[in-house]
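Residue numbers (the working numbering): 6 to 302. For glycine and all other residues, C-beta sits at the position ideal for the given N, C-alpha and C.
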């Protein structure tokens with residue numbers, strides 16, 4: 006591990022960033038967490054050890070936030086703003102001598118992927134590769150944690166927006182791998198793309214696996230891709246319109262075969278962590294109580 010590292014973790018109010026920060030804290034790594042909400046900085050510092058003010062929509066905050074930082078965990082929101090946010094942060098990282106950027110992207114195996122969010126990530130990755138800053142790109146497939154959301158699971162019915170098999174990864178695996186990559190640094194991980202797609206299942210196989218793991222009957226309802234966009238724009242939805250559009254495009258292109266690679270096992274968890282990745286049956290047992298609570302909502 007690089008004992009001289011001074012890392013900055015973004016996105017700690019979300020699930021991935023928070024888990025990355027928890028792994029770094031357990032490893033006693035020198036790091037800070039970034040937030041655009043000044044009122045949260047003290048609480049975050051108490052929780053993780055140190056915090057820095059950074060507003061991804063205001064590049065004027067970047068130089069101070071990146072002072073003495075050696076590595077960044079880069080994660081942005083799924084809106085078109087991610088393009089200018091990432092570009093300006095990469096520029097600031099170069100300007101401030103940051104050694105390494107670990108970027109959380111999407112499962113973009115093919116260059117002819119045109120689903121909105123996937124294309125945005127590919128553009129960010131191309132800019133990062135050309136920046137001169139050492140880089141590592143993480144490419145997770147569908148997160149298993151999506152089943153802990155009401156939009157996906159309601160009353161024991163799993164809403165799927167493609168009938169085809171899809172690859173899944175546990176957020177726990179991706180976050181732990183990201184922390185290890187940040188700690189080991191660019192000497193080992195510069196110029197590397199890592200993939201996380203450990204378990205490929207059809208909607209009905211998902212339901213069968215969740216049933217076996219929890220003892221509660223789950224069923225799958227296969228809907229048209231348009232259904233996601235309709236559900237995502239409801240008043241209580243957690244998704245903003247650009248993300249909903251991107252997911253609609255993704256599911257449609259998986260269904261018609263243009264993004265068939267989404268249904269493939271390509272996983273670097275064992276290479277990075279020295280253990281097998283979590284399959285859905287294992288992950289569902291770990292989260293059985295949460296799944297049962299969601300199913301009963």
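query                                                                                                         : result
Distance between beta carbons of residue 111 and residue 122, contact taken as under 8 Å                      : 6 Å
Simplified DSSP assignment, three categories, for residue 172                                                 : strand
Per DSSP, cross-strand counterpart(s) of residue 163                                                          : 158 and 225
Proximity below 9 Å, CB of residue 59 to CB of residue 12                                                     : no
For residue 182, the nearest candidate out of 26, 261 and 17 (CA to CA)                                       : 26
Alpha-carbon spacing of residue 298 relative to residue 224, whole angstroms                                  : 16 Å
Buried versus exposed call for residue 85 [16 or more other C-beta atoms within 10 Å across all chains shown] : exposed
Buried versus exposed, by CB contacts within 10 Å (16 or more), residue 292                                   : buried
Residue(s) in a DSSP beta bridge with residue 57                                                              : 39
With 16 other Cβ atoms within 10 Å as the buried cut-off, status of residue 151                               : exposed
Through-space distance from residue 178 to residue 264, alpha-carbon basis                                    : 24 Å
Nearest to residue 301 (by Cα), restricted to the options 159, 164, 285 and 287                               : 159
Nearest neighbour of residue 217, chosen from 256, 296, 278 and 251 [CA to CA]                                : 296
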